Amino acid sequence: MPFELPFPPEYILHDVHRTWFLGSDGATVERDGERITERLEGGRVVERSFERLDGAPDGTITVRFGEGLAAGAPLSAEPPDEVVLENGWFGYTATIRTLSWQPL
C-alpha cells in the first residue's frame, strides 16, 4: 500500500463480519462489549449500528443496507446490491457491492 493505515488492517475484516453476521434480530442487544441496534422497514434490516459500551473508541459504526437486508441474507437470501459501512471509530467509509450471488 502507498500509505499506512492508522489502525490494524484486520479491523476492516471485523467490520465486514459485523456487516453480514452480527445482527440483533431487529432489536437492541448488548454483546461482546458493544450495543448493537437494528432499524427495520418492511421486515428488512435497513440499518445496523454498533457502539462500544465503555465509550472507547468514541463514535458509532453504522451499516446501511440500501433496500434492506432480508432474513437469511447473505447465506440463503440475496443480499442488497450495495451496503455502506461508516466507521466512526476510525474515520473511514467502505462500500460493499454484490456483483453476483448464489445461495450456500
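When we follow this note's numbering, the leftmost residue of the sequence shown carries the number 15, and every step to the right adds one.
Virtual Cβ for every residue (Gly too), placed ideally from N, Cα, C.
Note that the coordinates shown come from a computational prediction; the quantities given were computed from them, not determined experimentally.
- Annotated three-state conformation of E24 is helix, per DSSP.
- Going by C-alpha positions, L27 is about 22 Å away from A85.
- Contact fails between the stretch 43 to 50 and the stretch 79 to 98, because fewer than three Cβ pairs, one in each stretch, are under 8 Å apart.
- In chain order, E96, V98 place their CB closer than 7 Å to the CB of T109, counting only its own chain and leaving out the 5 sequence neighbours on each side.
- Taking one beta carbon from each stretch, the stretch 64 to 78 and the stretch 32 to 42 have 3 or more pairs nearer than 8 Å; the two touch.
- Boundaries of the beta strand (DSSP E) harbouring T51: 48 to 55, taken from the DSSP string.
- Just measuring C-alpha positions, the residue of S63, T107, Q116, G69 sitting nearest A87 is Q116.
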